[in-house]
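Here the sequence shown stands for residues 1 to 352, where the numbers follow full-length UniProt numbering.
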Amino acid sequence: MSSSSKAMNSLRLDLKLNGYAKVNPTDKTREFLRDFFKVLSPEGREHLANDVFECSGDEQLRNLVRSIETGLLVPLKAQGGKTPSDITPSPRPGIEDSIENLKSEGIEPITRSPQSRLRHNCLERDGYKCVATGRYSGSHAHPKNAPTAYLEAAHIIPFALGSFQSNVSEAVHRHATIWLNLRRYFPVLRHLSFTSEEINSEKNVLMLDMVLHKEFGQFRVIFEATGIANQYRVKSFPEAVTGAIENLPHNRLIRFRVHKGNWELPDPALLKIHACIGNFLHMSGRAETIDKILKDFDDCGGLAPDGSSNLEDLLAVSRLSLLPTNVNETPDSKFKKSTSKQLPTEQSRPME
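What follows is the structure, encoded as structure tokens:
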């Protein structure tokens with residue numbers, strides 16, 4: 001994309017947002033859209049600028065923000081427990097036709113059945129070590145006195161974005177809506193022909209220390225490209241727990257390589273999407289808001305008892321029932337499982 005096109009997209013966005021009138025002092029619609037624009041690729045910026053420019057008024061701009069939040073950010077951060085199922089429709093013209101077109105591709109839900117093989121392949125590829133800290137898997141042969149850790153296979157694009165009930169129309173529609181948002185603002189997924197059916201593939205998985213995996217899954221730790229092939233700088237945000245990052249290299253530089261086998265390394269394009277989301281959640285402050293929403297749902301299925309919940313945020317994702325993310329689980333059974341504590345072992349927690 002030419003520099004003139006980039007400048008034009010930025011100008012169009014600013015012209016529209018400069019005329020936006022806040023509904024109250026805490027209204028962050030304008031800041032949200034500008035921050036999101038900053039982290040996207042040139043093609044993603046063009047799509048967002050078009051979506052903003054086509055909004056007919058301030059209410060549609062607010063709905064656009066809500067559609068991105070409920071149809072992209074919340075699903076990315078929701079892991080286990082109860083998952084808010086309502087997605088605010090995007091005001092973009094023709095959105096329903098696009099969703100129906102995506103549904104017509106007949107994407108099938110993924111399952112956990114291939115994950116034992118996937119885990120074995122990635123452990124072999126990564127040398128039975130955490131790719132970030134270099135600590136060995138305690139369940140496999142390792143050098144004497146070498147530091148060890150419980151290792152888990154971490155998905156870059158979360159597993160939950162590929163698991164849905166294919167026999168429930170609302171779940172299929174929700175899945176298509178989320179992936180339409182992903183493809184629109186991260187067009188590289190279309191160029192790679194990456195669909196949710198490929199989530200359980202080696203290029204979307206890396207072996208991480210169990211604690212580091214949690215922070216990576218919550219976008220509090222990201223891997224940013226350095227310009228050198230397969231070399232990344234591990235970036236953590238202040239919210240990351242210290243135990244997850246204390247064993248990282250002092251310079252935070254790591255390099256991926258295939259230790260054994262012919263398995264694909266983690267895809268740089270997928271890691272870039274993950275990094276973009278992490279940077280946006282941090283700079284916009286939306287991570288804390290989304291975590292609050294999810295915690296309220298996980299704790300009591302609705303408003304916080306003290307009334308501290310953001311009503312606008314909560315109501316935006318609470319109009320429909322909660323959908324299970326696994327095709328074989330009901331919302332109640334999944335919630336019971338999420339509240340059942342287990343000691344973390346590598347055998348009992350092969351994947352998250």
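We treat Cβ as the ideally placed atom computed from N, Cα and C, and that holds for glycine.
Which ranges does the alpha helix (DSSP H) cover as unbroken runs of at least 4 residues, wholly within the segment 114 to 174, from first to last along the chain?
115 to 125
Below 6 Å CB to CB, which residues in the same chain sit around residue 125 once its five sequence neighbours on both sides are set aside?
258, 261, 263
DSSP three-state label for residue 223, please.
strand
Helix, strand or coil for residue 76 per DSSP?
helix
Please work out which residues of its chain come closer than 7 Å, Cβ to Cβ, to residue 91, disregarding the five sequence neighbours upstream and downstream, and give them in chain order.
55, 60, 63, 64
Would you tell me roughly how many angstroms separate the C-alpha atoms of residue 198 and residue 25, rounded to the nearest one?
43 Å
Can you grab the Cα-Cα spacing for the pair residue 159 / residue 174, in whole Å?
15 Å
Under 8 Å, with one C-beta from each stretch per pair, do the segment 196 to 211 and the segment 132 to 147 reach the 3-pair mark?
yes
Looking at C-beta atoms only, is the number of pairs between the segment 109 to 117 and the segment 240 to 249 that lie closer than 8 Å three or more?
no
May I ask which residues mark the beginning and end of the alpha helix (DSSP H) holding residue 45?
42 to 53
To the nearest angstrom, how far is the alpha carbon of residue 89 from that of residue 42?
24 Å
Report yes or no: is there a C-beta of chain D within less than 8 Å of the C-beta of residue 54?
No chain D appears in the structure shown, which is made up of a single protein chain.
At which residue ranges does the segment 227 to 298 contain complete alpha helix (DSSP H) runs of 4 or more residues, listed in the order of the chain?
242 to 245, 268 to 284
Once the 5 residues before and after residue 221 are set aside, which same chain residues still bring their CB inside 6 Å of it?
215, 236, 240
Test item: CB-CB of residue 44 and residue 186 under 8 Å
yes
In terms of residues, what are the limits of the beta strand (DSSP E) holding residue 208?
205 to 209
By the 10 Å Cβ neighbour count, where 16 or more other Cβ atoms means buried, how is residue 97 classified, buried or exposed?
exposed
N-terminal and C-terminal residue of the alpha helix (DSSP H) that residue 39 is part of:
29 to 39
Would you call the segment 29 to 38 and the segment 12 to 20 touching, i.e. three or more CB-CB distances under 8 Å?
yes
For residue 233 and residue 251, what's the separation of their Cα atoms in angstroms?
8 Å
Helix, strand or coil: how does DSSP classify residue 22 here?
coil
What three-state label does DSSP hand residue 99 in the structure shown?
helix
How would you call residue 23, buried or exposed, if buried means at least 16 neighbouring beta carbons within 10 angstroms?
exposed
Whose CA, out of 200, 202, 183, lies closest to the CA of residue 193?
183
Starting from residue 200, trace the alpha helix (DSSP H) in both directions and tell me its first and last residue.
Residue 200 -> no alpha helix (DSSP H), and no H or E assigned at all.
Counting C-beta neighbours from all protein chains within 10 Å, is the total for residue 311 16 or more, i.e. buried, or is it exposed?
Residue confidence is low: residue 311 scores 36 on pLDDT, short of 50, so the model does not pin down where it sits. Its coordinate-derived value is still stated next. Exposed is the call here.
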